[in-house]
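Numbering (the working numbering), first residue to last: 110 to 565. So the structure is just underneath, and the comments pick up after that.
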């Protein structure tokens, strides 16, 4: 009886292990990508990589847990295109409670196959803000605000006094979000309203008028609600979701995301650019130092790469160049500070205009601009003036460089003897008797003999 019992227990354990492995092997998997803060190049890269990996691994669903005030045009469009072409269904979930899908977040919610929100969340506020610059002022894109509290309704964008550019921006924004609404079968009228009038909805209001599809407390609640749902237009196919017992996997951010997030911070990109310029100036001032030049090249390359990913205003970049030129002019001409003042003004203006966006998360701090501009101006003027003074001094090395230098008498002598100068022993002549350790100055050089004079 005992042997039979042990055999039965072993059989039960083996069967349980086999069943567990079976369910682990064939159970559906749902991956959750968390996006918090402004949408930028790092966000776009993270979502792109997550969707590509999910497609390769054949997961059931990708959930984008979203809480954003807005973002940049290039980054938003990259994400939307990836969602539209994804062979894996994508659900945008505005969570946790208190989260928002403002500006660019509204577009992502409309682009996703499934849209969901926490009970205490909101969506909308997608009116473009007129900047009078480039047609990048699309809701949630360069030239937009982040939230209802930070936005300014541009009613004039549709009025008689609106510029042609304002109207183009507005109509482009409306057409973009309406096309997404029509694709996913969501409320087209409100999509236009959130762009033209900065309309905003709570979760319950969004559910009532078909702006969002579900209200859920958390991801697990959401998966239970959408189990068995038929999702259309998933890369041209229709997919029936099996999420009741799905394994939920949180997608961690990699080092590439963290690296891009750091260098695409406008303040960091600006600092990299300025540090690179200053380091190269220091290297040119003191050739052979090596470290400053290497640091400068690295910072310039990283700064240029970051600027490539960010919306740049080339007028601001031109003003930075003009500022550097004026600093050089101040250093080499007696302008009594006129060029220097102009350089500082040009440098500050160029720094503030460097980024072509109204999104606060992608604007440079004025305190950083003021501090860096002042330090750069002082450094450039000091280095250039010092270099010019050194050039005017004439030779400071070789035999001619000894003239005017001090020396020490090594032993008493009347006419001819030996002195120690610049780390070497030299033959010397004098018109007056000298004693040991007298301090003398070199007046002339005749061959390898120094003519010295006692210092009184």
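By construction, the Cβ of each residue, glycine as well, lies at the ideal position given by its N, Cα and C atoms. These figures come from a predicted structure and were not determined experimentally.
Endpoints, beta strand (DSSP E) assigned at residue 370: Locating residue 370 in the chain shown gives position 261, where the first residue counts as 1. Counting along the chain, residue 370 falls outside any beta strand (DSSP E), though it belongs to the alpha helix (DSSP H) covering 364-372.
CB contact flag (residue 554, residue 548, <9 Å): Taking the chain shown and counting its residues from 1, one reaches residue 554 at position 445. Taking the chain shown and counting its residues from 1, one reaches residue 548 at position 439. In this structure, residue 548 does not lie closer than 9 Å to residue 554 by Cβ.
Cβ-Cβ distance between residue 213 and residue 201 below 9 Å: Start at 1 with the first residue of the chain shown, and residue 213 comes out as number 104. Start at 1 with the first residue of the chain shown, and residue 201 comes out as number 92. A distance of 9 Å or more separates the beta carbons of residue 213 and residue 201.
Which of helix, strand or coil DSSP assigns to residue 326: Locating residue 326 in the chain shown gives position 217, counting from the first residue. For residue 326, the secondary structure class from DSSP, reduced to helix, strand or coil, is coil.
Contact between the segment 337-353 and the segment 295-304 (3+ Cβ pairs under 8 Å): The segment 337-353 and the segment 295-304 do not touch, with fewer than 3 CB-CB distances between them shorter than 8 Å.
Local Cβ density within 10 Å of residue 367, reported as buried at 16 or more and exposed below that: The residue given as residue 367 occupies position 258 in the chain shown. So residue 367 counts as exposed.
Supposed contact pair residue 139 and residue 575 - C-beta distance, whole angstroms, cut 8 Å: Because the chain in this structure spans residues 110 to 565, residue 575 falls outside the shown range and cannot be described.
Opening and closing residue of the alpha helix (DSSP H) in which residue 450 lies: Reading the chain shown from its first residue, position 341 is the one you call residue 450. From DSSP, the alpha helix (DSSP H) with residue 450 extends over 447-461.
Limits of the beta strand (DSSP E) - the one that residue 554 falls within: Here residue 554 is taken as the residue at index 445 of the chain shown, counted from 1. From DSSP, the beta strand (DSSP E) with residue 554 extends over 548-555.
Among 362, 407 and 220, nearest to residue 383 - alpha-carbon criterion: Locating residue 383 in the chain shown gives position 274, counting from the first residue. Between residue 383 and the set 362, 407 and 220, the nearest pair of CA atoms involves 407.
Pair within 9 Å by beta-carbon distance, residue 224 and residue 320: In the chain shown, counting from the first residue as 1, residue 224 sits at position 115. In the chain shown, counting from the first residue as 1, residue 320 sits at position 211. Between residue 224 and residue 320, the gap from beta carbon to beta carbon is short of 9 Å.
Nearest candidate by alpha-carbon position, reference residue 562, set 356, 363 and 518: Counting from one through the chain shown, the residue named residue 562 turns up at place 453. The shortest Cα separation from residue 562 among 356, 363 and 518 belongs to 518.
Residue 485, buried or exposed, once every other Cβ within 10 Å from all chains shown has been counted against 16: By 1-based counting over the chain shown, the position of residue 485 is 376. By the 10 Å Cβ count, residue 485 comes out buried.
Residue 174 versus residue 206 - alpha carbon distance: The residue given as residue 174 occupies position 65 in the chain shown. The residue given as residue 206 occupies position 97 in the chain shown. Here the alpha carbon of residue 174 sits roughly 11 Å from the alpha carbon of residue 206.
Cβ-based burial, residue 159 [other Cβ within 10 Å; buried from 16]: Taking the chain shown and counting its residues from 1, the one referred to as residue 159 is at position 50. Buried, because 16 or more other Cβ atoms sit within 10 Å of the Cβ of residue 159.
Within 9 Å, strictly: CB atoms of residue 228 and residue 386: For the purposes of this step, residue 228 is taken as residue 119 along the chain shown, with counting starting at 1. For the purposes of this step, residue 386 is taken as residue 277 along the chain shown, with counting starting at 1. No, the pair does not count as a contact, with Cβ atoms beyond the cut-off.
Span separating the alpha-carbon of residue 447 from that of residue 453: By one-based count along the chain shown, residue 447 stands at place 338. By one-based count along the chain shown, residue 453 stands at place 344. Just so you know, the alpha carbons of residue 447 and residue 453 end up roughly 10 Å apart.
Of the listed residues 149, 314 and 456, nearest to residue 371 (C-alpha basis): Taking the first residue of the chain shown as 1, we reach residue 371 at position 262. Checked all of 149, 314 and 456; the closest Cα to residue 371 is 149.
Secondary structure of residue 439, DSSP reduced to three states: Position 330 of the chain shown, counted from the first residue, corresponds to residue 439. Helix, per DSSP.
Residue 219 burial status per 10 Å Cβ neighbour count (16 or more: buried): Taking the first residue of the chain shown as position 1, residue 219 is located at position 110. With 16 or more other Cβ atoms within 10 Å, it is buried.
For residue 373 and residue 310, believed in contact at Cβ under 8 Å, the rounded distance: In the chain shown, the residue the question calls residue 310 occupies position 201. In the chain shown, the residue the question calls residue 373 occupies position 264. With 8 Å as the limit, residue 310 and residue 373 do not qualify as a contact, their Cβ atoms being about 31 Å apart.
Whether residue 154 touches residue 369 by CB criterion (9 Å): For this step, residue 154 is matched to residue 45 along the chain shown. For this step, residue 369 is matched to residue 260 along the chain shown. Yes; because the gap between Cβ atoms is below 9 Å, this pair is in contact.
For residue 632, three-class secondary structure by DSSP: Because the chain is modelled from 110 through 565, residue 632 falls outside the range shown and cannot be assessed.
Limits of the unbroken alpha helix (DSSP H) element including residue 274: Here residue 274 refers to the residue found at position 165 when the chain shown is read from its first residue. Run containing residue 274: 273-293, per the alpha helix (DSSP H) assignment.
Cutoff 7 Å; reference residue 169; Cβ partners in own chain excluding five residues on either side: For the purposes of this step, residue 169 is taken as residue 60 along the chain shown, with counting starting at 1. Within the same chain, residue 169 has close Cβ partners 137, 138, 139, 350, 351, 352 and 355.
Beta carbon of residue 514 nearer than 9 Å to that of residue 531: Against the chain shown, residue 514 aligns to sequence position 405. Against the chain shown, residue 531 aligns to sequence position 422. Against a cut-off of 9 Å, the Cβ pair of residue 531 and residue 514 comes out as a contact.
Contiguous beta strand (DSSP E) assignments of at least 3 residues, all confined to the segment 172-218: Fully enclosed beta strand (DSSP E) runs of 3 or longer: 199-203 and 209-211.
Limits of the alpha helix (DSSP H) - the one that residue 406 falls within: Position 297 of the chain shown, counting from 1, holds the residue named residue 406. Counting along the chain, the unbroken alpha helix (DSSP H) around residue 406 starts and ends at 400-418.
Cβ neighbour criterion (16 or more within 10 Å) applied to residue 417: As a position in the chain shown, residue 417 is number 308, starting the count at 1. Flag for residue 417 reads exposed.
Where residue 522 sits in the DSSP three-state scheme: Residue numbering aside, residue 522 sits at position 413 when the chain shown is read from its first letter. Reduced to three states, the DSSP call for residue 522 is strand.
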